[in-house]
Amino acid sequence: AQKVTQTQTSISVMEKTTVTMDCVYETQDSSYFLFWYKQTASGEIVFLIRQDSYKKENATVGHYSLNFQKPKSSIGLIITATQIEDSAVYFCAMRENTEGADRLTFGKGTQLIIQP
Amino acid sequence: NAGVIQTPRHKVTGKGQEATLWCEPISGHSAVFWYRQTIVQGLEFLTYFRNQAPIDDSGMPKERFSAQMPNQSHSTLKIQSTQPQDSAVYLCASSFGQRNSDYTFGSGTRLLVI
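Protein chains in written order, with our numbering: chain P, 4 to 119; chain U, 4 to 117.
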């Protein structure tokens with residue numbers, strides 16, 4: 004069974020700095036997909052970025068990038084030049100690439116606080 | 004594109020009453036998922052549909068919870084004989100149904116059972 008663990012409950016950083024949020028996962032499959040989502044204070048959950056396990060290049064979208072370390076089963080989210088509006092809860096999730104594995108399994112989330 | 008629409012946004016029910024939650028997925032999305040979010044458990048999978056057919060309800064508490072998708076434009080989650088522990092935010096999400104597809108979430112229904 005797949006499992007996703009986010010050990011950092013809360014992180015606080017100064018605005019305009021770079022922050023990394025950790026995520027480790029467990030799976031028996033060699034092929035899978037990893038996702039990061041952001042939940043704002045209003046409760047809205049939005050998709051940020053995805054990493055396909057068979058790709059060696061780290062995914063990048065805007066000021067979000069991933070640090071994918073497959074041997075360590077680790078997928079960190081890096082946010083550069085943080086802004087106040089990046090304050091939110093960030094969830095890591097995964098889906099195995101097998102028939103029937105359609106649902107996402109989520110970690111418990113990391114609350115990010117950006118201080119001015 | 005209005006996104007995934009969930010109604011109502013808030014619902015308060017008395018213990019033992021029934022609650023029905025509605026979800027309208029994005030047009031063209033073939034997969035619809037229901038999750039429950041609480042502070043303690045986080046995001047818990049409940050059930051999902053593909054092309055309106057129920058595929059996996061392994062996360063549904065037995066007996067009191069049921070979900071349907073009578074047509075491609077809406078799904079319902081029904082909770083009978085609600086209990087205080089059912090209080091949570093219930094989230095609906097839809098996707099194109101491919102394994103690399105991300106979810107689009109609705110705003111959720113906050114259910115409070117008193």
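Backbone N, C-alpha and C define an ideal beta-carbon position, used for all residues, glycine too. Remember, predicted model here, so these are calculated numbers, not experimental data.
### Message
Suppose contacts are defined by Cβ-Cβ distances below 7 Å. Is T83 (chain P) in contact with H66 (chain P) by that definition?
### Response
Taking 7 Å as the cut-off, the beta carbon of T83 (chain P) is found closer than this to the beta carbon of H66 (chain P).
### Query
Three-state secondary structure (DSSP) at K19 (chain P)?
coil
### Task
Tell me whether V92 (chain P) is buried or exposed, calling it buried when 16 or more other Cβ atoms sit within 10 Å of its Cβ.
buried
### Query
Short check: CB of P93 (chain U) to CB of R53 (chain U), under 7 Å?
In the sequence as presented, Pro is not what sits at residue 93 (chain U); that position holds Tyr. No, the Cβ-Cβ distance between Y93 (chain U) and R53 (chain U) is not below 7 Å.
### Message
Please return the same chain residues whose Cβ sits closer than 8 Å to the Cβ of A96 (chain P), not counting the five positions on each side in sequence.
### Response
The answer, listed in chain order, is V7, L37, F38, W39, Y40, L107, T108, F109 and G110.
### Query
What are the start and end residues of the beta strand (DSSP E) that includes F38 (chain P)?
Y35 to Q42
### Message
At the level of alpha carbons, what is the spacing between I117 (chain U) and S34 (chain P)?
### Response
45 Å
### Task
Scan the stretch 36 to 67 of chain P for residues whose Cβ lies nearer than 7 Å to a Cβ of chain U and list them as they occur along the chain.
F36, F38, G46, E47, I48, F50, R53 and D55
### Task
With DSSP as the reference, label D105 (chain U) as helix, strand or coil.
coil
### Nearest-angstrom Cα separation, counted from T16 (chain U) out to A22 (chain U)
7 Å
### Query
Does any C-beta atom of chain U lie closer than 7 Å to the C-beta of K111 (chain P)?
yes
### Residues near T101 (chain P) by beta carbon distance below 7 Å, same chain, minus five either side
D32
### 7 Å Cβ cutoff, N100 (chain P) in contact with chain A
Going by chain labels, chain A is absent from the structure shown, which instead holds the protein chains P and U.
### Message
Does I3 (chain P) come out as helix, strand or coil in the three-state DSSP assignment?
### Response
Nothing in the structure corresponds to residue 3 (chain P), since chain P is present only between 4 and 119.
#### Entry: Beta-carbon neighbours of F108 (chain U), restricted to chain P and to distances below 7 Å
I48
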